[in-house]
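Here the structure is laid out as C-alpha cells; the discussion comes afterwards.
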Amino acid sequence: MISVNEARERILSHFQTTATERIALIACAKRVLVVNLTAAHDLPLFDNSAMDGFAIRAEDTSASNLTLSVVADIPAGSSPTVILARGQAARIMTGAQMPEGANAVIPVEDTDFNHREAGTPAPKSISFAKIIETGDNVRPRGMDIHTGEIVLRKGQTLKPQDLGLLAMLGIGNVQVYKKPRVALLSSGDELLEVDAPLESGKMRDSNSYTLAALIESAGGEVLRLGVAKDTRASVEALLQKAIREDVDFILSSAGVSVGAFDFVKEVIESKGVLDFWRVNMRPGKPLAFGEYLDKPFIGLPGNPVSAFVGFEIFVRQVIEKLSGKLDGSRRKINVRCEEEIESDGRESYLRAKIHEENGVLVASLTGHQGSGNLLSLVQADALLIIPAGVKCVPAGQEAEAYLL
Ligand code: AMP
Ligand code: MG
C-alpha cells in the first residue's frame, strides 16, 4: 500500500496542461489564463471627476466666501472644450472628463447650489467658503493602471470582477486553457437511476451526481457514461465508449476493491496497466490508478464519502493541473479538535464542522464516520486531516483541515 503523497505524485506526474483556445470574454468566468495580460492604455483613461460638483482651480479657493462664475456644464461622456480661467467653474458630473485649467472639484453639497434634481440647469454662479487642494475629488489619468502594466497573470482563474477589468481594457477575447474532459462512470449491479422505482436489494447511484458536480467545480467538463454492470463485458463496453471520445482521463467509482464482483481492475489490466490500487488512507483505501488503452484511468472507491474524499485528495488537482491553474481552489486551515479522535494509523480525512471560539477555529465531527454516511459529509464544512501513523488526537490539540 502506498502513501497518499506518493499516490498523488504518481498520478499528477501523468498529466500535462491541455490545449488552449481563444474565447469571448463573456464566456471566460472560471477559465484559466494562458498568458499574462497587460493594459494597452491607462485607467482611468483621462482625468475625471470623482463627485457631482464643480470643476475649479484650487488656487482660487479661500476660507472666506468666494463666488465663481459657472461657464460650462460637463455631463459624463462629453468631451469638454472650455478652458477654465481665474474665477471660473464648470458644473461637472461623476466620471466626466475634467476641463483644461481645472485641477480640483468642489462637491455640489459644499456649495450654495441646492437644486440637485435631475434636469436642473447649471447655475450662473456658485458660492462657497472652503479651501480646496489641487487634485481634490479628481481621479487622475492612470491612477489605477498604467499602460503596459500586468493586470492578470498566467495560471489565474478568472473571477467575475476580472472580466469587468478586461472589459475596461478593451480585451474582448481571451486565450484560456481548454476545459479538461473527464469520462465518468459508476459501476455496480445494485445501482438504480435517481428516478427509477426502488427494488429490493438495490440503491440509487449517487456518486455520478456528486462526482459530476465536483468535476465541474474543479473546472472540468463531464462526459457521463452511466452505470456499468458487475460483468467484464459491461465494464469493458463503457471503457471502450470513453476511449472513442476525446477525453483527458476516465474516472470511475466502485468495483476496484477485493469483492468477488469487482471487475474494474481486471478489465483495466486486460488492455492496460494498473500502477496501484490501494492507498494508505481512510476513507478511500481502494483507489486505483493506471491506463486503459493509453488513457489515464482513476478508479475511486464506491462508498459515497470515500469517492468524494478520493476526488478531493487526488482528482481535483489533476483537473487543476490539466486546466493550467496555478491557484489551487482548496485551502488548508489550522483548527483545534473539540473532541478526542481515534484513528487506525492510516492518513484519515474526517468530516467536521468548524466554528469559532475566542478567535480560534474549532472542529467538531459531524456524525459517525462510516464511509457510506453521506449526510455527515453534507453537514461538514471541512475535512479534518489525521496524519498517517497517528492513532489518537487528544481533545484540544491542533490539526490541519481542508475547507470544503
Ligand atoms: P464496491 O467498491 O463496488 O464494493 O462498492 C462499495 C460500496 O459503495 C457499496 O456499498 C456500493 O453499493 C456503494 N456504491 C458503489 N457505487 C455507488 C454509487 N455510484 N453510488 C452510491 N453508492 C455506491
Ligand atoms: Mg460494487
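Going letter by letter, the sequence shown gives residues 0 to 403 in numbering that gives the first Met the number 0. Even for Gly, the Cβ is constructed at its ideal location relative to N, Cα and C. What you are looking at is a predicted structure, and each value in this text was computed from that prediction instead of being measured.
With a beta-carbon spacing of about 15 Å, Arg115 and Val104 fall beyond the 8 Å limit used to define contacts. When C-alpha distances from Ala95 are compared across Asp51, Val69, Arg85, Val308, the shortest belongs to Asp51.
In this structure, the CA atom of Pro74 is about 12 Å from the CA atom of Ala117. With a cutoff of 8 Å, Pro285 counts as near ligand 1, since its C-beta is closer than that to a heavy atom of the ligand. Within the segment 332–399, the alpha helix (DSSP H) runs of at least 4 residues that lie entirely inside it are, in chain order, 373–377. Straight through space, the alpha carbons of Met167 and Glu20 are spaced by roughly 22 Å.
Given a length threshold of 4 residues, each whole run of the alpha helix (DSSP H) inside the segment 270–318 is given here in chain order: 303–309. Between Lys129 and Asp111, the CB-CB gap reaches or exceeds 9 Å.
For Ala232, the shortest separation between its Cβ and any heavy atom of ligand 2 does not lie below 8 Å. Between Ala227 and the set Leu190, Ser199, Gly218, the nearest pair of CA atoms involves Leu190. Selection Asn357, Ile149, Ala54 evaluated against Val81 yields Ala54 as nearest (Cα-Cα). Cβ atoms of Gly154 and Leu299 stay farther apart than 8 Å, at about 27 Å. Note that the segment 6–26 does not touch the segment 188–206; fewer than 3 beta-carbon pairs, one per stretch, sit closer than 8 Å.
With a contact defined as Cβ atoms closer than 8 Å, Arg85 and Arg56 qualify at about 7 Å. The three-state secondary structure of Thr209, taken from DSSP, is helix.
DSSP lists Val181 as the bridge partner or partners of Phe248. Relative to the non-hydrogen atoms of ligand 2, the Cβ of Phe260 comes within a distance shorter than 8 Å of at least one. When rounded, the separation of the alpha-carbon atoms in Phe313 and Asn47 is 51 Å. Distances between the C-beta of Val181 and the heavy atoms of ligand 1 are all 8 Å or more.
In this structure, Val181 places its C-beta atom within 9 Å of the C-beta atom of Phe248. In this structure the segment 169–188 lies against the segment 310–328, because at least three pairs of beta carbons, one per stretch, are closer than 8 Å. Within the chosen limit of 8 Å, ligand 2 does not reach the beta carbon of Gly225 with any heavy atom. Linking Asn102 to Asp72 through their CA atoms gives a straight-line distance of about 16 Å.
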